[in-house]
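Working notes for the structure below.
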Amino acid sequence: MASLTKRSVETLIDLVEIKLSCLQVIDRDDAKELAALEHARRELGTILPERANSTVVAFPDAGAQRATA
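Take a look at the structure:
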């Protein structure tokens, strides 16, 4: 298995958290994607334990901005 640098793992965690904060669960496929992303965040957290307990903060205006784009 290839190893990842700390910076790469942090970047992946950031990307997963961004996707989680933007995801709106509307149907079953969205729920599956949410579960997969949460699982990925937990897996990445085992690689980089100091980031495992981070909190994702959603931006309420993000949905409104996407709707007008």
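My numbering numbers the first residue of the sequence shown as 2 and each following residue consecutively.
Glycine included, each C-beta is placed from N, C-alpha and C at the ideal position.
Under a 10 Å Cβ-count criterion, Ile19 is classified as exposed, with fewer than 16 other Cβ atoms of the shown protein chains found around its own Cβ.
Between the alpha carbons of Leu24 and Glu39 lies a distance of about 12 Å.
By the criterion of a C-beta distance shorter than 7 Å, Glu51 is surrounded by no residue of its chain, once the five residues flanking it on both sides are discounted. Cβ contact annotation for Glu34 (same chain, cutoff 8 Å, sequence separation greater than five): Leu24, in chain order. Judged by beta-carbon spacing, Ala36 lies beyond the 8 Å limit of Val17, meaning their Cβ atoms are not closer than that value.
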